[in-house]
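**Student:**
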Amino acid sequence: MQNIKIVAAGDSSLLIEFGNEINEEINRKITTIVQLMRDQQIEGVVDVIPAFCSLLINYDPRIVSFEKMQRRMHALVKMDLKGGAGRKRIFEIPVCYGGEYGPDIGTIASHGGLTEKEVIEIHSSRDYLIYMLGFLPGFCYLGGLDERIHTPRLANPRVKINAGSVGIGGSQTGIYPLDSPGGWQLMGMTPVKTYDPSREVPILLEAGDYIRFVPVDEAEYRRIKDLVERGEYQCIIHEGEM
């Protein structure tokens with residue numbers, strides 16, 4: 033991983049640029065640095081914001097200077113972090129596919145020359161890395177969607193997409209955390225709230241985590257939704273070495 037740049041981004045932020053290629057190696061490096069910074073509780077750091085190929089660090093210039101932060105970050109990025117110093121978490125996200133929950137699954141299937149069953153099998157057959165969060169609170173930008181189900185966005189976006197909707201937009205898939213307008217093709221819905229302002233930690237997932245979509249029928253969807261509403265549902269999480 034070459035040509036890492038550390039530059040000022042205003043008078044109280046520092047940007048680490050890891051190039052312009054989106055891949056898992058760069059994301060693991062970013063995720064590990066974020067975890068190390070949290071563990072070390074570096075004085076003066078206010079927030080760290082990971083993106084696809086960069087990491088923005090907001091700091092308090094009254095506590096730490098840009099020069100000192102830059103030196104600290106240079107030392108961190110030079111460390112051998114190939115294996116990743118942090119944990120790997122895979123969240124199982126139940127999804128009820130098709131029907132009223134996924135009105136566009138037929139479009140996705142016909143675009144790829146597939147059956148709806150094949151679309152579901154392909155979509156739920158792999159773990160998706162969360163590269164970054166953005167757009168809406170808790171909205172995950174996922175990598176790894178199988179090319180067979182890449183599907184263009186809607187020509188005319190919907191005025192409202194319900195929270196929990198799972199869709200495909202071009203080469204990406206994801207979950208809408210809030211009711212919002214959107215142009216993605218909707219293939220299903222999860223009862224899990226990836227964003228809930230009433231929780232102690234409102235955003236369920238973090239950059240560097242993985243999502244595994246698990247197909248469920250309507251009865252199971254409703255059972256889980258009831259548990260979620262009562263605050264009694266816990267996602268199944270698989271943990272291991274990164």
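So the sequence shown is numbered by the working numbering: it starts at 33 and just counts up by one. Beta carbons are placed, not taken as given, at the ideal position from N, Cα and C, and that holds for glycine.
If I measure Cβ to Cβ from Lys257 and keep anything under 8 Å in the same chain, skipping five residues before and after, which residues do I get?
**Tutor:** Hits under 8 Å: Pro223.
**Student:** What does the Cβ neighbour count give for His270, buried or exposed, with the cut at 16 atoms within 10 Å?
**Tutor:** Burial call: exposed.
**Student:** What is the residue span of the beta strand (DSSP E) that Gln204 lies within?
**Tutor:** Per DSSP, Gln204 belongs to the beta strand (DSSP E) from 204–207.
**Student:** Under 8 Å between the Cβ atoms of Glu75 and Ile95?
**Tutor:** Yes, the pair counts as a contact, with Cβ atoms nearer than the cut-off.
**Student:** With a floor of 4 residues, list each alpha helix (DSSP H) that falls wholly inside the stretch 84–114, ordered by position along the chain.
**Tutor:** Here the runs fully enclosed are 98–109.
**Student:** Just to confirm before moving on: does the CB-CB distance between Ala239 and Leu165 stay below 8 Å?
**Tutor:** Closer than 8 Å, so yes.
**Student:** Report all residues from its chain with a CB closer than 6 Å to the CB of Ile81; omit the five preceding and five following residues, and keep chain order.
**Tutor:** Correct list, in chain order: Leu88.
**Student:** For Ile162 and Leu237, which I take to be in contact (beta-carbon distance under 8 Å), what is that distance rounded to the nearest angstrom?
**Tutor:** At roughly 6 Å, the Cβ-Cβ gap stays under 8 Å, so Ile162 and Leu237 are in contact.
**Student:** Let me make sure I understand the geometry here. Which of Ser230, Tyr253, Ala83, Asp43 has the alpha-carbon closest to that of Gly263?
**Tutor:** Comparing Cα-Cα distances from Gly263 to each of Ser230, Tyr253, Ala83, Asp43, the minimum goes to Ser230.
**Student:** If I follow the unbroken beta strand (DSSP E) through Gly276, where does it start and stop?
**Tutor:** This structure does not reach residue 276, given that the chain is present from 33 up to 274, and the question cannot be answered.
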